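Its first residue numbered 3, the sequence shown is counted upward by one per residue in the working numbering. Every residue, glycine too, gets a C-beta built ideally from N, C-alpha and C. Please read all numbers here as calculations on a predicted model, not as lab measurements. Only one structure is covered here, and it is reproduced in the block below.
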Amino acid sequence: MNVCKMAAGVYPEISLPGLSGDYADIERAARIFAGDTPWKTAKKSGLYHSGTRSIHTIGTAKILCDYFSQLIFSEQPSFSASNAECQKFLDGVLNTSGFWRLAPEWLSFSFALGGGALKARLCGGEVMADFINADRFIPISWSGRNIDGGVFCSQMRKGELWYVLLERQSRNSDGEYFIEHRLFRSKTFSQLGDECPLSELYPDLPPLVICPDAPPLFAYFRPAGANNLHPDSPVGLSVFANAVDTIKALDVAFDSFAREFILGKKRIIVPSSCVQTVADIATGELRRYFDADDEAYVALKCDEESDLKIIDNTVTLRVDEHIKAINALLNLLCFQTGLSAGALSFDEIRGVRTATEILYRDNKTAAAAKANKNLLTEAFEPLAKAILYLGAASGAIPRDKAAECSVTIGWHDGIVCDDNTLIDNNIKLVNAGLKSKVSAMMEIFKCDEETARKELSQLTIDN
Numbered sequence: 003m004n005v006c007k008m009a010a011g012v013y014p015e016i017s018l019p020g021l022s023g024d025y026a027d028i029e030r031a032a033r034i035f036a037g038d039t040p041w042k043t044a045k046k047s048g049l050y051h052s053g054t055r056s057i058h059t060i061g062t063a064k065i066l067c068d069y070f071s072q073l074i075f076s077e078q079p080s081f082s083a084s085n086a087e088c089q090k091f092l093d094g095v096l097n098t099s100g101f102w103r104l105a106p107e108w109l110s111f112s113f114a115l116g117g118g119a120l121k122a123r124l125c126g127g128e129v130m131a132d133f134i135n136a137d138r139f140i141p142i143s144w145s146g147r148n149i150d151g152g153v154f155c156s157q158m159r160k161g162e163l164w165y166v167l168l169e170r171q172s173r174n175s176d177g178e179y180f181i182e183h184r185l186f187r188s189k190t191f192s193q194l195g196d197e198c199p200l201s202e203l204y205p206d207l208p209p210l211v212i213c214p215d216a217p218p219l220f221a222y223f224r225p226a227g228a229n230n231l232h233p234d235s236p237v238g239l240s241v242f243a244n245a246v247d248t249i250k251a252l253d254v255a256f257d258s259f260a261r262e263f264i265l266g267k268k269r270i271i272v273p274s275s276c277v278q279t280v281a282d283i284a285t286g287e288l289r290r291y292f293d294a295d296d297e298a299y300v301a302l303k304c305d306e307e308s309d310l311k312i313i314d315n316t317v318t319l320r321v322d323e324h325i326k327a328i329n330a331l332l333n334l335l336c337f338q339t340g341l342s343a344g345a346l347s348f349d350e351i352r353g354v355r356t357a358t359e360i361l362y363r364d365n366k367t368a369a370a371a372k373a374n375k376n377l378l379t380e381a382f383e384p385l386a387k388a389i390l391y392l393g394a395a396s397g398a399i400p401r402d403k404a405a406e407c408s409v410t411i412g413w414h415d416g417i418v419c420d421d422n423t424l425i426d427n428n429i430k431l432v433n434a435g436l437k438s439k440v441s442a443m444m445e446i447f448k449c450d451e452e453t454a455r456k457e458l459s460q461l462t463i464d465n
C-alpha cells in the first residue's frame, strides 16, 4: 500500500510536495532490506534448462543496517530526569513498553528506510512508547528539518476484512495540539476502502482529542548524512541509498562463490569401455552407468594401455579469489556509507580489539556513531518530555513536577579496553606524572584505596 497516496486522498488539504519520490525510495529500500531485490534471479543457460534461477544472496543491506544499530546500541543509553519521581515513572514506561528490546530493531529499520518515528501514547490509562517505521509515517508540517506534524498509519486484519487506522497529530489554526483518528475498512490488503466508525474496532478511542498545552507527542529520527536525492525533504535517506550497485555486485560475487562448489564438484573421466548399459525395468530404456563399487577383475579389449586410465578432472576451487573480491567490495561499501575500511569483513577474525585500535583504525566508524547518537538524542529527549506530559495528564505524576523536569540523554562510548591496554595506559600516565600509583592500582586491580595502598607498601618492602 502506498501510504503517501493514501494520505493525500484522505487529507486533500495537506500539501505533500515532492514526497512521492521519497516514498518510492523508501519502498525500494524496504524491498532491498527484506532481500526482495530486482536482481534476485538470473537467467539459466543450457539447451534444456533455460529460464531463471534464484541467485545466492549475502543479505548485505540487513547486515549493514544491523551493524549501524549495534554500533549505536552497543551499550544502553541512559535517560536521566532531574526529578526522582519523574525518573521512576520514565523508567517504568520505558521498561513496560519494551523500549530497550525494541529500540535496536527499530533503529535497524530506520537506517534502512532513512528514518523512523518515536511516539508516546495513552493505552488504557497507561503511558506507552511506540516505534513507527518510516513507511508508516507521513510528515505533514515541518520547520526546517524539524517535523512537528504527521500522520501515522497502522493496518490490521479482522476476519476477512482489512482495517487501516490513521492518526493525525498536528496543531490547528489556534496553535492547539490535536490528535485525530479515522478508521477505514476494505476487503483487500492493497486498498484503503471506505471510512467506518471507530467503535467498530476501537470502541474506547475518541475521534478527536485536543491538548492545548501539549508538546509534540512524537519525534522523528533521520540518519546522519545529506539527502542528496531529495535535498528539500524532511525525511532522511537510507544508509545504502547511494551504494545499491555495490550491494548488487556483492550478491553477484557471493552467488559466483556459492556456485563455485556446484560447478567445481568432482568429475572423473573413464574409458567408454568401462561404461555399462542396463535396461530400465519401468520403461525398458537402456541407461548407461559407471559402477564405482565394482571391484571384480574385468577383461577388456583395447589397443592402448592409456585407454584404460581413469582421470580425475576436478576443477580447482577459486576460494581465495572470491574472498578477496568480496572483501574489496565490502571495503568499497564501507567507504560509501561512512565506515572505516575493514569495518565489514567476509573472513577477517579480529578477536578483542583495544580502545586505541578502535579510535585510530576505525576513526570514521567512531565519527559515524557519534553523529548518529547526537541525532538520536534529539529524538529521545522530546519522547521523554511527551511521556512525562502524558504521565501528568493521566494523573500518574504531579503536573508541576512534570513541567519543571528536564531529561538528559547519556551515551557510553561502548569501547571495551582489554587488560593489557589498561595496564599500559596507566603506566604511561604514572611515568608522565599525570596519575598517582595508588589511583593506577585501584583502576587495574578494581580495588579500593586502602587495598591499593597496602599493596603498594608491600611492593616497596619487597623491592
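In terms of alpha-carbon separation, which member of the options lies closest to residue i?
i: Ala368; options: Lys45, Ala31, Ile74 and Leu66; result: Ile74
i: Leu239; options: Lys448, Asp27, Asp464 and Lys372; result: Asp27
i: Lys372; options: Pro400, Leu341, Phe101 and Asn229; result: Leu341
i: Leu2; options: Gly11, Ala442 and Ala434; result: The first residue shown for the chain is 3 and the last is 465, placing residue 2 beyond what the model contains.
i: Glu42; options: Thr54, Ala31 and Ala386; result: One point to set straight first is that residue 42 is Lys, not Glu, in the sequence displayed. Looking at the Cα atoms, Thr54 is the closest of the given residues.
i: Trp413; options: Glu380, Gly94 and Gly435; result: Glu380
i: Asp38; options: Thr59, Gly23 and Leu21; result: Thr59
i: Glu202; options: Ala228, Gln171, Met158 and Ala255; result: Met158
i: Trp144; options: Asn333, Pro400, Ser235 and Asn365; result: Ser235
i: Phe156; options: Asp150, Asn148, Leu168 and Ile149; result: Per the sequence presented here, residue 156 reads as Ser, with Phe not at that position. When only C-alpha atoms are compared, the closest one is Leu168.
i: Cys213; options: Pro233, Cys198, Arg184 and Phe180; result: Phe180
i: Thr190; options: Phe133, Lys160 and Asp176; result: Lys160
i: Ser459; options: Asn230, Val440 and Cys449; result: Val440
i: Gly100; options: Ala243, Phe133 and Ala114; result: Phe133
i: Asp320; options: Phe154, Arg261 and Ala343; result: Note that residue 320 is Arg in the sequence shown, not Asp. The shortest C-alpha separation from Arg320 is found at Arg261.
i: Pro209; options: Pro217, Asp215, His183 and Pro225; result: His183
i: Asp176; options: Val153, Asp215, Pro205 and Leu207; result: Asp215
i: Ala105; options: Leu120, Gly116 and Tyr204; result: Leu120
i: Lys347; options: Thr339, Ala114 and Ile325; result: For clarity, residue 347 is Ser in the given sequence; the question names Lys instead. With distances taken between Cα atoms, Ser347 lies closest to Ile325.
i: Arg33; options: Glu451, Phe111, Asp322 and Pro205; result: Phe111
Where does residue i sit, in a helix, a strand or coil, going by DSSP?
i: Asn85; result: coil
i: Arg123; result: strand
i: Ala357; result: Only weak support exists for where Ala357 lies, its pLDDT of 43 falling under 50; the value from the coordinates is given anyway. Three-state result, Ala357: helix.
i: Gln72; result: helix
i: Val418; result: Low local confidence applies: a pLDDT of 49 at Val418 is under 50, so the model's placement there is unreliable, with the coordinate-based value given in what follows. Of the three classes helix, strand and coil, the one that applies to Val418 here is coil, per DSSP.
i: Tyr13; result: coil
i: Asn174; result: coil
i: Leu92; result: helix
i: Cys407; result: coil
i: Arg103; result: helix
i: Ile399; result: coil
i: Leu168; result: strand
i: Glu182; result: strand
i: Leu115; result: helix
i: Leu163; result: strand
i: Ile264; result: helix
i: Asn433; result: helix
i: Ile60; result: coil
Can you list, in chain order, the residues of its chain with a C-beta nearer than 7 Å to that of residue i? Leave out the 5 residues immediately preceding and following it.
i: Leu378; result: Ile74 and Phe223
i: Ile446; result: Leu424, Ile425 and Asn428
i: Ala386; result: Phe81, Leu92 and Val409
i: Glu457; result: Met443
i: Leu231; result: Asp27, Leu239 and Ala243
i: Glu383; result: Val409 and Ile411
Since residue i is in the alpha helix (DSSP H), which residue starts that stretch and which ends it?
i: Asn374; result: Asn365 to Ala395
i: Thr453; result: Glu451 to Asp464
i: Ile446; result: Lys439 to Phe447
i: Ile325; result: Val321 to Thr339
Could you pull out every residue in the same chain whose Cβ sits closer than 8 Å to the Cβ of residue i, ignoring the five residues on either side in sequence?
i: Ser408; result: Ala83 and Ser84
i: Leu124; result: Met130, Leu392, Ala395 and Ser396
i: Leu390; result: Ala83, Cys88, Phe91, Leu92, Ile399, Ala404, Cys407 and Val409
i: Trp102; result: Gln78 and Leu96
i: Leu21; result: Cys6, Ile140, Pro141, Ser235 and Val237
i: Asp150; result: Ser143, Trp144, Ser172, Arg173 and Pro218
i: Leu331; result: Thr248, Ala251, Leu252 and Ala255
Among the residues of its own chain, which have a CB less than 6 Å from the CB of residue i, if the five just before and after it don't count?
i: Lys250; result: Trp41
i: Phe186; result: Val166, Leu194, Gly195 and Glu197
i: Thr62; result: Ile249 and Leu252
Which first and last residues belong to the beta strand (DSSP E) in which residue i is found?
i: Phe348; result: Here Phe348 belongs to no beta strand (DSSP E), and DSSP marks it neither H nor E.
i: Ala131; result: Glu128 to Asn135
i: Ser143; result: Phe139 to Ser145
i: Ser342; result: From DSSP, Ser342 is part of no beta strand (DSSP E); its letter is neither H nor E.
Is it the case that the CB of residue i approaches a heavy atom of the ligand NAP more closely than 8 Å?
i: Val321; result: The ligand NAP is not part of this structure, which contains no ligands at all.
Going along the chain, which unbroken runs of the alpha helix (DSSP H) with 4 or more residues stay wholly within the region 22-57?
none
| task | Scan the region 184-252 and note each continuous beta strand (DSSP E) run of 3 residues or more that stays entirely inside, going in chain order. | result | 196-198, 210-213 and 220-223
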